[in-house]
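Okay, structure first, notes after.
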Amino acid sequence: MFSHNEDELMAWGEKLGALLQKQDVLILTGDLGAGKTTFTKGLARGLGIKQMIKSPTYTIVREYDGRLPLYHLDVYRIGEDPDSIDLDDFLFGDGVTVIEWGELLGDSLPSDYLKLTILRKNDGRELVFDAKGHRAEKLLEEFVNG
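My numbering applies: residue 42 is where the sequence shown begins, and numbers increase by one.
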């Protein structure tokens with residue numbers, strides 16, 4: 042998938058957000074400024090969230106209310122010390138969890154999640170998805186074919 046601008050990136054996020062269910066986990070990866078938070082803004086729209094979405098870089102976690110709660114985490118600052126935050130509250134809660142820089146969590150990641158890598162290209166962003174687990178595979182299939 043490809044996005045030429047922020048509006049398209051948000052539209053992809055909104056499409057995915059409309060499909061999300063309780064306890065879905067999305068891992069976002071990409072260089073600084075690649076569009077992880079922009080994608081999450083669209084995802085929030087798909088969840089019916091009206092609040093302004095901000096990067097959780099300095100707060101680690103931001104929570105938003107919509108059709109489902111959205112737990113937006115940025116684990117870059119906690120590095121490879123996932124015990125510094127209680128991930129279970131988010132991963133097994135009543136909402137959807139989006140983790141920027143989630144690959145840093147390694148073995149602390151759940152067994153079922155959808156990973157999105159956002160790659161900068163000259164004229165936009167390439168979106169590369171990787172499904173880990175049954176629910177993530179089903180979600181990705183629905184997203185691509187729906």
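Glycine is no exception: its CB is placed at the ideal position from the N, C-alpha and C atoms.
- Contact annotation: Leu84 and Gly54 have beta-carbon atoms nearer than 7 Å.
- Between Val137 and Leu88 a beta carbon distance of about 7 Å is seen, short of the 8 Å cut, so the two are scored as contacting.
- For Leu109, the closest of Gly134, Gly74, Val116 by C-alpha to C-alpha distance is Gly134.
- Separation of Glu49 and Gln92 (C-alpha to C-alpha, rounded to the nearest whole angstrom) is 20 Å.
- By the neighbour-count definition (other C-beta atoms within 10 Å, threshold 16), His45 is an exposed residue.
- The beta-bridge partner set that DSSP reports for Ile68 consists of Ile140, Lys156.
- In this structure, Leu157 sits away from Glu167, with a CB-CB distance that is not shorter than 7 Å.
- The beta carbon of Glu144 is closer than 7 Å to those of Ile68, Thr70 in its chain, skipping five residues each way along the sequence.
- Pairing Leu155 with Ala172 gives a Cβ-Cβ distance under 7 Å.
- CA-CA distance, Glu183 to Glu47, rounds to 23 Å.
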